[in-house]
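Enquirer: Adding 3 to a residue's 1-based position in the sequence shown gives its number in my numbering.
Input: one structure, supplied below.
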Amino acid sequence: MTEATEPQTSETMGFQAEVKQLLHLMIHSLYSNKEIFLRELVSNASDACDKLRFEALDKPELFESDPNLRVRVDFAKEAKTITVSDNGIGMSREDAVSNLGTIARSGTREFFSQLTGDKQKDAQLIGQFGVGFYSSFIVADKVTVRSRRAGLPSSEAIEWVSDGQGEFSIANIDKADRGTEIVLHLRADEEELLSNWKLREILRRYSDHISLPVEMPKEEWDEEKSEMKRTGDWEAVNQASALWTRSKSDITEEQYKEFYKHVSHDFEDPLAWTHNRVEGRSEYTQLLFVPKRAPFDLWDRDAKRGVKLYVKRVFIMDDAEQLLPSYLRFVRGVIDSADLPLNVSREILQESRDVRTIREGSAKRILSLLEDLAENRKEDYATFWATFGQVLKEGTGEDMANQERIAKLLRFASTHNDSDVQDVSLTDYIGRMKEGQDKIYYVTAESYNAAKSSPHLEIFRKKGIEVLLLWDRVDEWMLSHLREFDGKSLASVAKGGLDLEALADEEEKKKQSEVADTFKPLVERLTKSLDDKVKEVRVTLRLVDSPACVVVDENEMSPHLQRLLQSAGQQAPVVKPILEINPDHSLIKRIEQATDDQFDDWAFLLLDQALLADGSQLSDPVGFVKRMNELLLKG
4 MTEATEPQTS
14 ETMGFQAEVK
24 QLLHLMIHSL
34 YSNKEIFLRE
44 LVSNASDACD
54 KLRFEALDKP
64 ELFESDPNLR
74 VRVDFAKEAK
84 TITVSDNGIG
94 MSREDAVSNL
104 GTIARSGTRE
114 FFSQLTGDKQ
124 KDAQLIGQFG
134 VGFYSSFIVA
144 DKVTVRSRRA
154 GLPSSEAIEW
164 VSDGQGEFSI
174 ANIDKADRGT
184 EIVLHLRADE
194 EELLSNWKLR
204 EILRRYSDHI
214 SLPVEMPKEE
224 WDEEKSEMKR
234 TGDWEAVNQA
244 SALWTRSKSD
254 ITEEQYKEFY
264 KHVSHDFEDP
274 LAWTHNRVEG
284 RSEYTQLLFV
294 PKRAPFDLWD
304 RDAKRGVKLY
314 VKRVFIMDDA
324 EQLLPSYLRF
334 VRGVIDSADL
344 PLNVSREILQ
354 ESRDVRTIRE
364 GSAKRILSLL
374 EDLAENRKED
384 YATFWATFGQ
394 VLKEGTGEDM
404 ANQERIAKLL
414 RFASTHNDSD
424 VQDVSLTDYI
434 GRMKEGQDKI
444 YYVTAESYNA
454 AKSSPHLEIF
464 RKKGIEVLLL
474 WDRVDEWMLS
484 HLREFDGKSL
494 ASVAKGGLDL
504 EALADEEEKK
514 KQSEVADTFK
524 PLVERLTKSL
534 DDKVKEVRVT
544 LRLVDSPACV
554 VVDENEMSPH
564 LQRLLQSAGQ
574 QAPVVKPILE
584 INPDHSLIKR
594 IEQATDDQFD
604 DWAFLLLDQA
614 LLADGSQLSD
624 PVGFVKRMNE
634 LLLKG
């Protein structure tokens, strides 16, 4: 391997606190999957070579005298070491301190707050976080890194050393060749890895998709000594061709899965993938994966996301978010364009017609993949929906061209099933609609329990009409864009303009007219008492068990959306509710008989109860309790 001089004055530094925690958890939680260390180190080495190739487009001198990029893996039995090296971009002293001593990733604190101490669960979560370089300490009790960044003089190379216990040392050394060399000093019980066939077997399994040659020392049989000996040459262990450029018939399922782990740094297999070569006005290849689990930073606005972009097989960038719409930000993979310039920038990506074509085509491919899951692999689609359903809902407003396709993929809980499982599609709902029903009814709330207990559902349950139950924060935003499906409009059961006339029989229509006249005096008294609190008081037949409910007009903002905006620190318009009363409820009859000195208390109590049932917070909870106690004592 690389010859390097003894390190000069060494500086000792402490790991970031999160690094210490991650190292401890990996050593104890991922030990049963220890072979991943080689996959991670080779993957990082490949990325380093890709980055050099990209930077050398503008600065070819960075190649120095070594233009042939490769990754090498070697071992030494006597020293009990494994060495992974590359001639990629390399690291400066600042790079090493930043990349090997800290976890410079958004959402790190939230990630660690989710750890439970359960080895199996934590192993899955760590996989979502990405283990990277620190996986070295799964098999090594000491790691030495020697590196020189391309373009820097040999005297500015560095040597980084740590035992993974809390500190690392870093010093300047002389290193003639650019790139990085990682030496793993194996733990006493890891000697089985010190084998040519064992390392080759691991590399073929995990790194066959790497587009660069992954080399090991060539060996041949020594007849005289009856053992294998090294020839002094290096030979590629992998196919060394970009996996996405191969024919689909030549790629095994296992190779697809390992490539996914390479590009995503995920610990688990993907849920599904699509691999296509597109020709026409724009020519590109796409290999896109849907993960099984959400990355820990899915909801972090500052997190980097997107697919890897290649141009004519040359790596350009890791997180080209412009190649997929935001609502598909969970997708991982590679897009290789034959049309974009090699010096493409993020600014050019935002303005390029070719990029728009790629984004539109890739979105359609992913939607086709999800449609296939929904139709033919229902359990897998249920897994997808539970993980990424809230993100996909964003597409109803972001991608109007595909809104109908996205709407077909949506899943909800409903009153049809006594469960919070979201497995009802809009197509399912329409197939169960009652005769005369022309709307898809829904209710929004803060939680499933609040939605299923809403008083607005009472008349629908009585008539056997299904209602969708929605409680995700994105639902109100989604519904502002998704107004109809398959010719049926979506209607909130909490809106005052709800028209149930078509579903009412003649007797109910007659009763509606009669009670409006009978309770007119009570409505007028309530209106006077609640004059500054409500927009209107009226009689309704939508209630069965509850004495009253609050609604808003058809075109006004729902109370649930008002609360969401307020909780996000945004201004929400002041909307006075409409109080609807149930003429058949005994409490309404009790209020009708109340004396003038008690009537205002009864009126306010009725309104506050209705607001609480709707999920609102009372402006005067103390007053509510006081009035309730006084009326209970007097009653």
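Where a beta carbon is used, it is the ideal one built from N, C-alpha and C, also for glycine.
Run the CB neighbour count on D489, radius 10 Å, all protein chains shown included, and call it buried at 16 or more, exposed below.
Expert: exposed
Enquirer: In whole angstroms, what is the alpha-carbon distance linking N420 and Y432?
Expert: 12 Å
Enquirer: Find the nearest neighbour of G169 within the set E354, F18, V186 and R152, judged by alpha-carbon distance.
Expert: Selected option, being the one with the closest Cα: F18.
Enquirer: Under 8 Å, do D46 and H265 count as touching if we go by C-beta distance?
Expert: Reading off the sequence, residue 46 comes out as Ser, not Asp. Taking 8 Å as the Cβ cut-off, S46 and H265 qualify as a contacting pair.
Enquirer: Give the single residue among R296, E595 and V87 whose Cα lies nearest to the Cα of V217.
Expert: V87
Enquirer: Quick one, which of S348, R380, P328 and I351 has its alpha-carbon nearest I369's?
Expert: Closest by C-alpha distance to I369, out of S348, R380, P328 and I351, is P328.
Enquirer: Alpha carbon to alpha carbon, how far is F262 from W388?
Expert: 24 Å
Enquirer: Classify D423: buried if its beta carbon has 16 or more other beta carbons within 10 angstroms, exposed otherwise.
Expert: exposed
Enquirer: Beta carbon of L312, beta carbon of A366: below 8 Å?
Expert: Between L312 and A366, the C-beta spacing is not below 8 Å.
Enquirer: By DSSP's criteria, H588 is part of a beta bridge. Which residues make up the other side?
Expert: In DSSP, H588 forms no bridge with anything.
Enquirer: Looking at K178: is its Cβ nearer than 8 Å to the Cβ of S165?
Expert: No; because the gap between Cβ atoms is not below 8 Å, this pair is not in contact.
Enquirer: Leaving out the 5 sequence neighbours to the left and right, which residues in its chain are closer than 6 Å to R152 when beta-carbon positions are compared?
Expert: Within the same chain, R152 has close Cβ partners G93, M94 and S95.
Enquirer: Closer than 8 Å by C-beta to Q612: which residues in its own chain qualify, once you throw out the five before and the five after it? Chain order, please.
Expert: P550 and A551
Enquirer: Taking the continuous beta strand (DSSP E) assigned at F292, which residues delimit it?
Expert: Y287 to V293
Enquirer: Measure how close the beta-carbons of V446 and L473 come, nearest whole angstrom, since I'm counting them as under 8 Å.
Expert: 7 Å
Enquirer: Please determine, among E487, W605 and A416, the residue with the shortest C-alpha to C-alpha distance to L529.
Expert: Ranking E487, W605 and A416 by Cα distance to L529 puts W605 first.
Enquirer: Less than 8 Å between the beta carbons of T234 and E226, yes or no?
Expert: no
Enquirer: Quick one: measure Cβ to Cβ for R414 and D426, integer angstroms, because I've assumed they're closer than 8 Å.
Expert: 6 Å
Enquirer: Starting from the C-beta of K80, find all residues in its chain whose C-beta is less than 6 Å away, skip the five residues before and the five after it, and write them out in chain order.
Expert: L197
Enquirer: Would you kindly report the start and end of the unbroken alpha helix (DSSP H) that includes S210?
Expert: N199 to S210
Enquirer: If E461 sits next to R356, beta carbons under 8 Å apart, how far is it from one beta carbon to the other, in whole angstroms?
Expert: The Cβ separation is near 54 Å, so there is no contact.
Enquirer: Determine, for V142, whether the minimum Cβ-Cβ distance to residues of chain B falls below 8 Å.
Expert: Among the chains in the structure shown there is no chain B, since it carries only a single protein chain.
Enquirer: May I have the straight-line CA-CA distance separating L395 from L26, to the nearest angstrom?
Expert: 34 Å
Enquirer: Quick one: any contact between the stretch 615-627 and the stretch 581-594, if contact means 3 or more CB pairs under 8 Å?
Expert: no
Enquirer: Under the rule that 16 or more other beta-carbon atoms within 10 Å means buried, what is K289, buried or exposed?
Expert: Rather than Lys, the amino acid found at residue 289 in this sequence is Gln. Buried, by the Cβ-count rule.
Enquirer: If you follow the beta strand (DSSP E) that E38 is part of, which residue opens it and which one closes it?
Expert: Segment: none, E38 is in no beta strand (DSSP E) and carries neither H nor E.
Enquirer: Looking only at its chain, what residues have a beta carbon closer than 6 Å to the beta carbon of T418, apart from the 5 residues adjacent to it on each side?
Expert: E469 and V470
Enquirer: Smallest Cα separation from N102: which of A454, I85, L72 and W163?
Expert: Taking only the C-alpha atoms, the option nearest N102 is W163.
Enquirer: My output table needs one value for I351: the three-state DSSP class, helix, strand or coil.
Expert: helix
Enquirer: Which complete alpha helix (DSSP H) runs does the stretch 67-110 hold, if anything under 4 residues is left out?
Expert: 96-104
Enquirer: Do you know whose CA, among R203, E238, T147 and L189, lies nearest I176's CA?
Expert: T147
Enquirer: Could you tell me the distance, in whole angstroms, from the CA atom of F114 to the CA atom of F299?
Expert: The predicted position of F114 is uncertain, since its pLDDT is 48 and thus under 50; a value taken from the coordinates is nonetheless stated next. Each residue's alpha carbon lies about 6 Å from the other.
Enquirer: Would you identify the three-state DSSP class for T15, choosing helix, strand or coil?
Expert: strand
Enquirer: Whole angstroms is fine: what's the gap from T543's alpha carbon to E271's?
Expert: 54 Å
Enquirer: With which residues is I462 paired in a DSSP beta bridge?
Expert: DSSP, once it has assigned bridges, lists no residue as partnering I462.
Enquirer: If distances are taken between C-alpha atoms only, which option among E559, K491 and E479 comes closest to K498?
Expert: E559
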